[in-house]
Amino acid sequence: MTAVSMAGALNRALADALAEDPTVLVFGEDVGALGGVFRVTDGLEARFGSTRVFDTPLAESGIVGTAIGMAMNGLRPVVEMQFDAFAYPAFEQITSHLAKLRNRTRGRVSLPVVIRVPYGGGIGGVEHHCDSSEAYYTHTPGLTVVTPGTPDDAYRLLRDAIASPDPVIFMEPKRRYWSKGEVTSDPIPMNRALIRRPGKDVTLIAYGPMVATALETAEAATEEGWDVEVVDLRSLAPFDDETVCASVRRTGRAVVVHEASGFGGYGAEVAARVTERCFHHLHAPVLRVTGWDIPYPPPKLEEHHLPNVDRILDAIARLQWDDEVVEVRGA
Amino acid sequence: MTAVSMAGALNRALADALAEDPTVLVFGEDVGALGGVFRVTDGLEARFGSTRVFDTPLAESGIVGTAIGMAMNGLRPVVEMQFDAFAYPAFEQITSHLAKLRNRTRGRVSLPVVIRVPYGGGIGGVEHHCDSSEAYYTHTPGLTVVTPGTPDDAYRLLRDAIASPDPVIFMEPKRRYWSKGEVTSDPIPMNRALIRRPGKDVTLIAYGPMVATALETAEAATEEGWDVEVVDLRSLAPFDDETVCASVRRTGRAVVVHEASGFGGYGAEVAARVTERCFHHLHAPVLRVTGWDIPYPPPKLEEHHLPNVDRILDAIARLQWDDEVVEVRGA
Amino acid sequence: MVPTRELLPTAEPLSLLRKDGSPVEDSPLAMPDDDVLLELHRRMVVGRRFDTQATALTKQGRLAVYPSSRGQEACEVGSVLALREQDWLFPTYRDCVALVTRGVDPAETLTLLQGGWHLGYDPYEHRVGPQCTPLATNTLHAVGFAHAARLKGEDTAALVLVGDGATSEGDTHEALNFAGVWKAPVVFLVQNNGYAISVPMSKQNAAPSLAHKGIGYGVPSVLVDGNDAAAVYAVVKEAVEAGGPTLIEAITYRIEAHTNADDATRYRTSDEVAAWLDRDPVDRVEAYLTARGLLTPERRAAVAAEAEEFAAGVRAALNTDHEHDPMSLFEHVYATPTRHLREQAAILAEELA
Amino acid sequence: MVPTRELLPTAEPLSLLRKDGSPVEDSPLAMPDDDVLLELHRRMVVGRRFDTQATALTKQGRLAVYPSSRGQEACEVGSVLALREQDWLFPTYRDCVALVTRGVDPAETLTLLQGGWHLGYDPYEHRVGPQCTPLATNTLHAVGFAHAARLKGEDTAALVLVGDGATSEGDTHEALNFAGVWKAPVVFLVQNNGYAISVPMSKQNAAPSLAHKGIGYGVPSVLVDGNDAAAVYAVVKEAVEAGGPTLIEAITYRIEAHTNADDATRYRTSDEVAAWLDRDPVDRVEAYLTARGLLTPERRAAVAAEAEEFAAGVRAALNTDHEHDPMSLFEHVYATPTRHLREQAAILAEELA
Ligand SMILES: Cc1ncc(C[n+]2csc(CCOP(=O)(O)OP(=O)(O)O)c2C)c(N)n1
Ligand SMILES: Cc1ncc(C[n+]2csc(CCOP(=O)(O)OP(=O)(O)O)c2C)c(N)n1
Ligand SMILES: [Mg+2]
Ligand SMILES: [Mg+2]
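For the protein sequence lines, the chains are A, B, C and D, in the order given.
At position 268 of the first sequence (counting the first as 1) the number is 1391 in the numbering used here, and the numbers step up by one without a gap.
At position 192 of the second sequence (counting the first as 1) the number is 1315 in the numbering used here, and the numbers step up by one without a gap.
At position 9 of the third sequence (counting the first as 1) the number is 39 in the numbering used here, and the numbers step up by one without a gap.
At position 163 of the fourth sequence (counting the first as 1) the number is 193 in the numbering used here, and the numbers step up by one without a gap.
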């Protein structure tokens, strides 16, 4: 097998799903002739025709709202939000309907809708193009939220998301669109985390764009003598307690990393949850390495915002290695 | 001073602000002749005229978007969202503009806008009328999020919110609208938490509708021999680390309570943060007592969802009192 | 395009029956057949009785809340009877009478308002979307549904009901626009009952009529007398048969307060209500049918009896206390409950044990 | 109401100059004075030079992204020159030429696209709202701003620029509706440049024209030739003076790709582009003014020289590397940095030390 970019893997997943299941539709802004601003839908309209793959008017609530209606009528829409912040106009349709209709109807209405959301920064994008909005969705019961860290997972998770009877928010780490890897077909269930690198000393919990950064950090950490285990969550909701907690109970230390602002971010749930369940195995509090609690910075300053190897190493260093009290930052 | 309901206190705060500052405006759906569906704006249009207090067309994005424009032009809009879930159509205006415009303009544009959001359940409301949406806002840098637990705080926090140069999401615990209390004028800064009841054994962290429940629990806990300290957060963003952490370091145990679903809820931040900062003072993990991770239930079942005294006592009981390992629930 | 479905509506609402029940001679609309008119009458009488029964049950505390459609029966019944069996209805919280007219079980219609669950019926059984509370959001569901039918090669139209206030929401605009571009077979019926809770039209919209929105999307638009069941039936039927999108504004009036929780005296006069009582939709059809000799005293009595019986059934159903299983809270959040929810369900089960 | 501002637009776009620069004799619009026409020409030439300079700088990596408005100069310049000093402009990412025409410093205009900060200028200095990226959201800001001015007793109009694609967003509808109800002094100028990135009008809207949306809100509407600067100037001026809301659709074309990152060959033909190059807005005014003897070779040369000088200034400013202070990230999130952000700032400062 040859290496393929994450964008290419997503394209292949869409193509395979369209080919296998005639009820699958792909639509959104610029997904047709243009193939999407990131070319993830490249060639699909030409191949599958414009009743299966098509451009919509420019209206995100409209895209999600009509997708809901189509799903009620037996189709499986896969829709694209052009950038993370441009999904916000659809927030009511996502939160009040997409997430709740199955429950509202006691399971009579299934909404197998996938919303693809390119998210995160690191691409020099101007304001509104680099938000990490996962926490808004993971706090909304009824939604499944997944995010791939590798091309392989991009393919598999998107196939699984499309096959899911539940609505899935599919978060695509846009700065990894061009990273390459092989696409295998190992059947790993969509809702399980994966240990990307085994280690004994500390569990580094990452997802999406930060998986590669976490692996890099683990490499660098060997120089400091730390054997870091890297867990790629893959599924943010539901959270795979079993895999993560087993790892933390083994290592006794954990750091969780994401690009989104820390305050009320997804990492807070990970830290709170892991602590609740593994308290007596922990040598130190679960630390978070995240974006600052600020709006996403402009291109020239984003490097100062994004978690990087140094910051993660620094957090690891603060994990109470010498039995002295962990350094408290702030009040 | 005579006791006044929380709705009455809010009404008084609006009236006093309108009277003192000619740039204050009150608008939204049904806030005029009707006085709002909860009567919080009762009598204001008659008293201040319909250029200061007025009904708008039925469109929440429109309400917040025009409030932003008005604030840019020197006014101080106080707008009402009729119920929590009906603020979702305004999510883009809140998240992409209200929260970010000061930062975008390097402080040149101030947006002193208050968005009043009646939130939470316990009133027998049908679907979409009982959401606790605070976590969506607290995770959005640039927003201040406050919520009163008493009529007194309702008055003071709303006055402070209107006076604030920053946008404030003012979350009103609708099931406490009719609870009564005195309105004093102690100047407690908007961003500080308050110890509502001192105690030695465990810190119970609550806000909004749960403050009363927490105080009730503290009473009940005395029977079990636990001396519970109740902290009313008042300000969810920013979070008052000082007050809360000082309490937890004193008691060594903490429980955080809210109505919203637990997963990725505001309590996750509280637990993660307090643990990061007080790890070595904790005898047990910070536990959360929250709504389940489900859409808000219908009226006949809401009692099974909402945190209550028993559930909070149960969490307190699990706080490692006898040096045996805390019971882990779930994987 | 037929003359009554131009991009711009007529200046005056189309009608077939005057308020005294006399027929409008020069109407461009086709008067429905006699059996349809009799059926409109019967369903409106039953619908109204259902509505007053629900209001009464609310006063007795059997419903959490009830938004009455009294005065809007011509819209509720006229539009639904104009649907074909394969068509779908996308209602709001106010459209219980439309639902029972469509055949939804009255107790299941009231489940939402009674508080037992968020919805009582199976949408697929009578092809009725869930009663929708977030205003205007159902317009998009209807457009998506209808477009999907078109893509699947099915001849299905969607009728979506919204209020005057809901036309101000962005979703209404997006839905009309998608429907216009896709030529989706959707009938948008705006029941302009004069108010959005307390807010009158003058504060809601400055257009000559709400139907004037249609042209901005290339969607044919119709203005109709919403208290004239024959006219509502005729325009909806024509719109369904036309196959593409149509925007219909029906001018009507909400006789009761917004819901039982509302105090309408704060924002409208009793004179205004009285004037509308004088334009009653049921009386109007009754007068016409009686004048034509079609509505005999016997038939009228039979319809009244049927309505009473219907109301008795509603009473019986609603006065029965049902068990509401707390464990059901966890069952349908996902197709298969997650491990996470199973854990939470176990905790609740333990509490209840 | 003046004849050119009815609720429905004319079937054909209003114009003053034909594409060859000859005047339209029977136009209902008033031809601007000669000095205005000369100013329109001057600013368009300068604006275009600015635009090509920005495009060039983007190719050299000095800007993160640049959305060109080449071909849309009649809209960008004509509308801005029609504003009075006290009026406000609410632009989008595409409206850099409008901004420099309004007097905003070119380097500050490009700050957003250069990547140094989210906005470079002080909105209050030239009465220009922040360049707006989330589509259509600025329409509501303009309405609120204009309504506030009215409430404060000030005679201020707001001009809001949006694209054809942005008219599909719910916010555009809510803004038109609020403006209609409030009679707010807002001019909505839709630059219909044929595409929303790759999506053509045929997939965006099925109305006879976008200006046909106005009547649905009681907002007077105008369809204008968007490559005719004289006509754009005239209709915007009339709208500003009218005092209430107006919806103007200007038919124009985006000559360049959506941004430098876009590949327009994927969705449009070069023949189509060529046809629009033939309707160039600058050539048109130039031809008219030259025929009238107003644009002498000397003046033309002077304008060209001014444009070159302007471009040189842009180059100089953009080719200078600026320090971007990381600590500024924390400064303006709140009026006074919270304790929480001060803690984070301290950590970053330590990292950088
Ligand atoms: C998005 C949203 N905002 C606000 C509400 C609260 N609300 C419920 S009904 C109503 C008025 C609706 O008026 P209209 O659309 O005219 O329908 P009617 O009730 O008159 O049938 C309002 C504001 C809501 N349900 N949804
Ligand atoms: C709410 C929102 N959705 C999507 C986008 C991404 N986007 C940026 S420009 C654009 C096309 C806009 O087209 P149009 O309104 O016609 O303006 P033009 O670019 O042609 O000037 C899109 C889809 C956005 N900026 N905001
Ligand atoms: Mg109404
Ligand atoms: Mg365009």
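By construction, the Cβ of each residue, glycine as well, lies at the ideal position given by its N, Cα and C atoms.
Closer than 8 Å: is that where the CB of residue i sits relative to any heavy atom of ligand 3?
i          : result
C:Gln-221  : yes
C:Asp-201  : no
C:Arg-100  : no
B:Arg-1457 : Residue 1457 of chain B is absent from the model: chain B starts at 1124 and stops at 1454.
C:Gly-256  : no
Going along the chain, which residues of its own chain have a beta-carbon closer than 6 Å to the beta-carbon of residue i, five neighbours each way excluded?
i          : result
A:Tyr-1260 : Leu-1266, Val-1268 and Ile-1292
B:Thr-1218 : Thr-1263
C:Ser-45   : Val-54, Asp-255, Asp-258 and Ala-261
A:Thr-1307 : Asp-1275
Please look up how many angstroms separate the CB atoms of residue i and residue j, rounded, as I've assumed it's under 8 Å.
i          : j          : result
D:Val-22   : D:Glu-336  : With chain D covering 31 to 383 only, the question about residue 22 of chain D has no answer from this structure.
C:Val-229  : B:Leu-1181 : 7 Å
B:Val-1240 : B:Met-1294 : 5 Å
B:Met-1333 : B:Val-1380 : 5 Å
D:Cys-105  : D:Ala-347  : Not really, about 25 Å apart at Cβ, beyond 8 Å.
D:Gln-102  : D:Arg-284  : 7 Å
D:Val-216  : D:Ala-188  : 5 Å
A:Ala-1126 : A:Glu-1392 : Actually they do not touch by this definition, with Cβ atoms about 34 Å apart.
Following a CB-centred definition, is residue i positioned closer than 8 Å to any heavy atom of ligand 4?
i          : result
D:Tyr-96   : no
A:Gly-1188 : no
D:Thr-195  : The sequence given here places Gly at residue 195 of chain D; Thr does not occur at that position. It does: the Cβ of D:Gly-195 is within 8 Å (strictly closer) of some heavy atom of ligand 4.
What does residue i reach in chain B if we use C-beta pairs closer than 7 Å?
i          : result
A:Glu-1392 : Phe-1386, Gly-1387 and Ala-1391
D:His-171  : Gly-1188, Ile-1191, Gly-1192 and Met-1195
C:Ala-94   : Gly-1247, Val-1249 and Pro-1422
Within the same chain, show all residues whose beta-carbon is closer than 7 Å to that of residue i, passing over the 5 residues directly before and after it, in chain order.
i         : result
D:Pro-33  : Residue placement at D:Pro-33 cannot be trusted, given a pLDDT of 49 that sits under 50; what the coordinates show is reported in the next sentence. Pro-58.
D:Met-31  : Residue confidence is low: D:Met-31 scores 36 on pLDDT, short of 50, so the model does not pin down where it sits. Its coordinate-derived value is still stated next. Cβ neighbours of D:Met-31 beyond the five flanking positions: Pro-250.
D:Ala-196 : Leu-165, Ala-166 and Thr-202
For a contact meaning CB atoms closer than 8 Å, what does residue i contact in chain C?
i          : result
A:Asn-1226 : His-148, His-362 and Val-363
B:Phe-1171 : The premise fails here: B:Phe-1171 is roughly 17 Å from chain C at the closest Cβ pair, so nothing lies under 8 Å.
Looking at residue i and ligand 2, is the gap between the Cβ and the nearest heavy atom below 8 Å?
i          : result
D:Thr-167  : yes
D:Ile-227  : yes
C:Arg-35   : no
D:His-387  : As shown, chain D starts at 31 and ends at 383. That puts residue 387 of chain D outside it, with no answer to give.
A:Phe-1209 : yes
D:Tyr-154  : no
Sorted by chain position, which residues of the same chain lie with C-beta nearer than 8 Å to residue i's C-beta, five sequence neighbours on each side aside?
i          : result
D:Glu-36   : Pro-250 and Ser-251
C:Ala-379  : Met-357
A:Ala-1329 : Gly-1272, Thr-1336, Ala-1337, Val-1353, Val-1354, Asp-1355, Leu-1356, Val-1379, Val-1380 and His-1381
C:Thr-368  : none
Could you tell me which chain C residues have their CB closer than 9 Å to the CB of residue i, listed as they occur along the chain?
i         : result
D:His-242 : Leu-37, Ile-245, Gly-246, Tyr-247 and Gly-248
Quick one: list the residues of chain B neighbouring residue i, beta-carbon separation under 8 Å, in chain order.
i         : result
C:Pro-153 : In chain order: nothing, as chain B lies at least about 15 Å away.
Under 8 Å between beta-carbons, which chain A residues line up against residue i? List them in chain order, please.
i          : result
B:Thr-1261 : Phe-1386 and Gly-1387
Could you name the residues of chain C that residue i contacts, counting a contact when the two beta carbons are closer than 7 Å?
i          : result
A:Arg-1231 : Asp-152, Pro-153 and Tyr-154
D:Asn-207  : Ser-198 and Asn-235
Would you say residue i touches ligand 1, meaning its beta carbon is less than 8 Å from a heavy atom?
i          : result
B:Phe-1206 : yes
Using the beta-carbon of each residue, which ones in chain D are nearer than 8 Å to residue i?
i          : result
A:Phe-1214 : Result: empty, since nearest Cβ-Cβ is about 12 Å, beyond 8 Å.
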